[in-house]
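Comments concern the structure below.
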Amino acid sequence: MLIVNEETCRKVMTRPAAYDAVEAVFGAMARGDARNFPVVREAIGHADALYGFKSGFDRASLVLGVKAGGYWPHNAEKGLTNHQSTVFLFDPDTGRLSALVGGNYLTALRTAAASAISINHLARRDVKVLGMVGAGHQSAFQLRAAAEQRDFERVVAWNYHPEMLPALGKVAEELGLPFEAVSREALGAEADVIITITSAHEPLLMQEWIRPGTHIACMGTDTAGKQELDPAIFASATVFTDEVEQSISIGEAQHAIARGLIRPEDITPIGAVINGDHPGRRSEDEITVFDGTGVGLQDLAVAWAAAQAAQEQGISEEIVL
Ligand code: NAD
Numbered sequence: 386m387l388i389v390n391e392e393t394c395r396k397v398m399t400r401p402a403a404y405d406a407v408e409a410v411f412g413a414m415a416r417g418d419a420r421n422f423p424v425v426r427e428a429i430g431h432a433d434a435l436y437g438f439k440s441g442f443d444r445a446s447l448v449l450g451v452k453a454g455g456y457w458p459h460n461a462e463k464g465l466t467n468h469q470s471t472v473f474l475f476d477p478d479t480g481r482l483s484a485l486v487g488g489n490y491l492t493a494l495r496t497a498a499a500s501a502i503s504i505n506h507l508a509r510r511d512v513k514v515l516g517m518v519g520a521g522h523q524s525a526f527q528l529r530a531a532a533e534q535r536d537f538e539r540v541v542a543w544n545y546h547p548e549m550l551p552a553l554g555k556v557a558e559e560l561g562l563p564f565e566a567v568s569r570e571a572l573g574a575e576a577d578v579i580i581t582i583t584s585a586h587e588p589l590l591m592q593e594w595i596r597p598g599t600h601i602a603c604m605g606t607d608t609a610g611k612q613e614l615d616p617a618i619f620a621s622a623t624v625f626t627d628e629v630e631q632s633i634s635i636g637e638a639q640h641a642i643a644r645g646l647i648r649p650e651d652i653t654p655i656g657a658v659i660n661g662d663h664p665g666r667r668s669e670d671e672i673t674v675f676d677g678t679g680v681g682l683q684d685l686a687v688a689w690a691a692a693q694a695a696q697e698q699g700i701s702e703e704i705v706l
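Counting from 386, one number per residue, gives the positions in the sequence shown under our numbering.
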């Protein structure tokens, strides 16, 4: 059994490798080759923690496993990341544990890969301005991955806690992109592509602020009750997601569904676009939304890629259970 710790994940896993792994598994999900199993998420009644499992199997790549972990809100005081997770991969032929992979760095990479995939497949080719809503831990990963998909000329950003924006500005600077903190209205007016990655529980962007032709990757909403967008945006947009079941229950679409603004059948898995079964964007004026909810198969796909890379480079530990 391989052990691939957090440090090794950082060494061996690249953004392009994460992109490829996540794109392939989204395609497999849409073909019916890969399936996420029901998610378990429970408050454990200790340390205010939320703990759970995300698991699944991809028959195309033969990746079977589970990501276990959750959210420990007081970790920051101990110098630890609040989100903690570990991926367990199993041999699908025997059920034996084949790898134990640190999940913290990989979660950020796979989440950024999902929005990057949506930008690549759904954004107009001529986009110039990237709008960032959110400036927390995930935002830098999101910005770096998005910048690889189009020739952006500048970044406009808004965050609920404005004091967090300069750190994101530094990332933009590293990427050679001018960075400006703006109001939410200005962000809607200027951005061609918008990424939302916050823990908000109310709409941050209103429909009347969004221009025709905009692509929005809505990445923060991954739990019932969270919200980043005016649900009216969904009624006027073409909506894509990683997994429809999650999108309508814990994703951003939960609010538009609850108000009867869209139906589940109005939401297309991005894998259908990847597989060439859906055209994706149909016009320059269309507003596209990607509701990135985060599925277990994404975690397993990147963990598998990291384990393979670590083994190839001879820097994984191997133990016998
Ligand atoms: P973080 O705690 O580092 O940052 C939180 C962000 O939300 C900051 O920008 C903060 O200013 C903002 N925020 C906090 N309260 C807010 C409010 N009331 N209104 C508006 N904004 C507010 O978290 P992170 O690790 O960057 O994660 C951001 C979000 O993305 C979280 O909600 C997390 O659960 C979600 N997430 C989603 C996926 C996925 O696959 N879709 C994966 C990882 C994280």
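Positions of the beta carbon are idealized from the N, C-alpha and C atoms, including for glycine.
{"Asked": "Any heavy atom of ligand 1 closer than 7 Å to the beta-carbon of E519?", "Found": "According to the sequence as given, residue 519 is Gly; it is not Glu. Flag set: Cβ of G519 near ligand 1."}
{"Asked": "Taking C-alpha atoms, which residue in G454, T608, I582 and A620 lies nearest to E593?", "Found": "A620"}
{"Asked": "Do V540 and L572 have their C-beta atoms within less than 8 Å of each other?", "Found": "no"}
{"Asked": "Whose C-beta lies closer than 6 Å to the C-beta of G554 among residues of the same chain, with five residues either side of it excluded?", "Found": "F564"}
{"Asked": "Enumerated in chain order, which unbroken segments of the beta strand (DSSP E) with a length of 3 residues or greater are wholly contained in the stretch 462-516?", "Found": "468-475 and 482-487"}
{"Asked": "With distances taken between CB atoms, is the gap from V486 to A692 smaller than 8 Å?", "Found": "yes"}
{"Asked": "For the stretch 396-446, which segments carrying the beta strand (DSSP E) assignment without a break, of at least 3 residues, lie completely within its bounds, in sequence order?", "Found": "419-421, 425-428 and 435-443"}
{"Asked": "So, helix, strand or coil for P649, using DSSP?", "Found": "helix"}
{"Asked": "Quick one: does the C-beta of Y436 sit closer than 7 Å to a heavy atom of ligand 1?", "Found": "no"}
{"Asked": "For the candidate residues S632, Q639, V629 and M591, whose alpha-carbon lies nearest to that of A617?", "Found": "M591"}
{"Asked": "Should the stretch 394-414 be called in touch with the stretch 675-694, which here means at least 3 C-beta pairs below 8 Å?", "Found": "yes"}
{"Asked": "From what residue to what residue does the alpha helix (DSSP H) around Q523 run?", "Found": "H522 to A532"}
{"Asked": "Within 7 Å: the Cβ of K513 and any heavy atom of ligand 1?", "Found": "no"}
{"Asked": "Would you list the residues sitting across from E703 in a DSSP beta bridge?", "Found": "L387"}
{"Asked": "Check each candidate in I704, V680, G699 and Q696 and name the one with the smallest Cα separation from A497.", "Found": "V680"}
{"Asked": "Using a Cβ-Cβ cut-off of 8 Å (strictly less than) and excluding sequence neighbours within five positions of D418, which residues of its own chain qualify?", "Found": "D443, R444 and A445"}
{"Asked": "Please state whether DSSP places F537 in a helix, a strand or coil.", "Found": "coil"}
{"Asked": "Would you kindly work out how many angstroms separate the C-alpha atoms of I700 and C394, rounded to a whole number?", "Found": "10 Å"}
{"Asked": "I want to check one thing, is the minimum distance from the CB of H468 to the heavy atoms of ligand 1 below 7 Å?", "Found": "yes"}
{"Asked": "Would N489 and H459 be called neighbours here (beta carbons separated by less than 8 Å)?", "Found": "no"}
{"Asked": "Find out if the Cβ-Cβ distance for the pair M398, A694 is shorter than 8 Å.", "Found": "yes"}
{"Asked": "Alpha carbon to alpha carbon, how far is A638 from S632?", "Found": "5 Å"}
{"Asked": "How about I704: is its Cβ closer than 7 Å to a heavy atom in ligand 1?", "Found": "no"}
{"Asked": "Beta-carbon separation of I502 and I655 under 8 Å?", "Found": "yes"}
{"Asked": "What did DSSP end up calling T581 once you bin it into helix, strand or coil?", "Found": "strand"}
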